[in-house]
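Undergrad: Mapping of the sequence shown onto this note's numbering: position 170 corresponds to residue 240, and the numbering continues sequentially without gaps. Positions of the beta carbon are idealized from the N, C-alpha and C atoms, including for glycine. Small disclaimer: the values here were computed from a predicted structure and weren't measured. Pasting a structure here, questions to come.
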Amino acid sequence: MVIFGVFTIYAILSYSTNYLTEMYGMSLVAASYMGIVINKIFRALCGPLGGIITTYSKVKSPTRVVQILSIIGLLALTALLVTNSNPQSVAMGIGLILLLGFTCYASRGLYWACPGEARTPSYIMGTTVGICSVIGFLPDVFVYPIIGYWQDTLPAAEAYRNMWLMGMAALGMVIIFTFLLFQKIRTADSAPAMASSK
């Protein structure tokens with residue numbers, strides 16, 4: 071479900087250029103450049119940055135870093151939701167979208183490390199990855215039709231409000247499931263220590 075939530079944000083980010091043009095009045099050329107930054111530059115840089123953050127920070131846990139990034143992404147979505155009804159500063163809109171993009175792509179660079187951190191046995195790793203892929207990439211099937219329907223049938227502000235709410239629900243799910251996974255990892259880590267102390 072961690073992959074499911076992060077991939078939902080990934081799908082939502084494809085509408086960020088439309089959001090900036092419709093809600094902030096940004097020119098199509100400038101919005102296209104934003105799309106290039108998010109889809110090409112951030113995609114290439116943020117995954118490795120997530121790994122660097124995990125390796126060199128005190129956290130040292132990909133699951134925990136994904137959780138922290140999801141909390142930051144949730145704050146960015148909350149700010150986008152608050153400013154959605156009365157967008158003022160294009161720079162703030164761009165900054166929030168870039169922050170959300172960073173958290174998404176850094177999390178995408180880390181979510182496949184979570185099964186390893188959870189000590190998934192190697193003899194079922196292939197099955198685990200297959201099941202995680204089927205469930206995790208499911209948003210690719212429904213996010214685009216739902217948001218497209220909202221854009222066709224609702225005023226722009228309401229359609230984007232619904233989109234941000236969908237993103238908030240997805241990141242809320244990531245936060246919950248990373249918490250549960252991290253609890254499982256801590257329990258597994260403490261079991262050998264308790265056994266050796268007896």
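Jot down the residue ranges of each uninterrupted alpha helix (DSSP H) in the region 184-224, minimum 4 residues, whole runs only, in chain order.
TA: Runs of the alpha helix (DSSP H) inside the region 184-224: 184-187, 195-206, 209-223.
Undergrad: In its own chain, which residues sit with a C-beta less than 7 Å from the C-beta of residue 150, not counting the 5 before and 5 after it?
TA: Around residue 150: 166, 234.
Undergrad: Shortest alpha-carbon distance to residue 118 belongs to which of 106, 132, 128?
TA: Taking only the C-alpha atoms, the option nearest residue 118 is 132.
Undergrad: Assuming residue 244 and residue 75 are in contact, meaning their beta carbons sit under 8 Å apart, how far apart are those beta carbons, in whole angstroms?
TA: About 4 Å separates the two Cβ atoms, so the contact holds.
Undergrad: Tell whether a beta-carbon distance below 7 Å holds between residue 276 and residue 94.
TA: Outside the displayed span of the chain (71 to 268) sits residue 276, for which this structure offers no information.
Undergrad: Mapping DSSP to helix, strand and coil, what is residue 157?
TA: If DSSP states are grouped into helix, strand and coil, residue 157 belongs with coil.
Undergrad: Residue 177 and residue 139: beta carbons closer than 7 Å?
TA: Yes, they are a contact pair.
Undergrad: I need the DSSP call for residue 71, collapsed to helix, strand or coil.
TA: Coil at residue 71, not helix or strand.
Undergrad: Spell out whether any CB of chain D is found under 7 Å from the CB atom of residue 171.
TA: Protein chain content of the structure displayed is limited to a single chain, and chain D is not contained in it.
Undergrad: To the nearest angstrom, how far is it from the Cα of residue 169 to the Cα of residue 96?
TA: So the two alpha carbons sit approximately 18 Å from each other.
Undergrad: Identify whether residue 86 lies in helix, strand or coil by the three-state DSSP scheme.
TA: Of the three classes helix, strand and coil, the one that applies to residue 86 here is helix, per DSSP.
Undergrad: Return the CA-CA distance between residue 144 and residue 159, expressed in angstroms with no decimal places.
TA: Approximately 20 Å between the Cα atoms of the pair.
Undergrad: Exposed or buried, what is residue 204 when buried is set at 16 or more other beta-carbons lying within 10 Å of its beta-carbon?
TA: Its Cβ having fewer than 16 others within 10 Å, residue 204 is exposed.
Undergrad: In angstroms with no decimal places, state the Cα-to-Cα distance between residue 219 and residue 154.
TA: Their backbone Cα atoms lie some 19 Å apart in a straight line.
Undergrad: On a Cα-Cα basis, can you pick out the residue from 113, 174, 152 that is closest to residue 141?
TA: If we check each option's Cα against that of residue 141, 174 comes out closest.
Undergrad: Under a three-way DSSP split, which group does residue 180 fall into?
TA: Reduced to three states, the DSSP call for residue 180 is coil.
Undergrad: Could you give the distance in angstroms between the alpha-carbon of residue 222 and the alpha-carbon of residue 84?
TA: Approximately 16 Å, taken between the alpha carbons.
Undergrad: So is residue 256 buried or exposed if we call it buried at 16+ other beta carbons inside 10 Å?
TA: So residue 256 ends up on the exposed side.
Undergrad: Starting from residue 121, follow the alpha helix (DSSP H) in both directions and report where the run begins and ends.
TA: 113-126 is the span of the alpha helix (DSSP H), which, as asked, contains residue 121.
Undergrad: Specify the secondary structure class of residue 136 as computed by DSSP and reduced to three states.
TA: In this structure, residue 136 counts as helix in the three-state DSSP scheme.
Undergrad: Round the Cβ separation of residue 185 and residue 197 to the nearest angstrom and send it over; I've been treating them as touching at under 8 Å.
TA: The Cβ separation is near 11 Å, so there is no contact.
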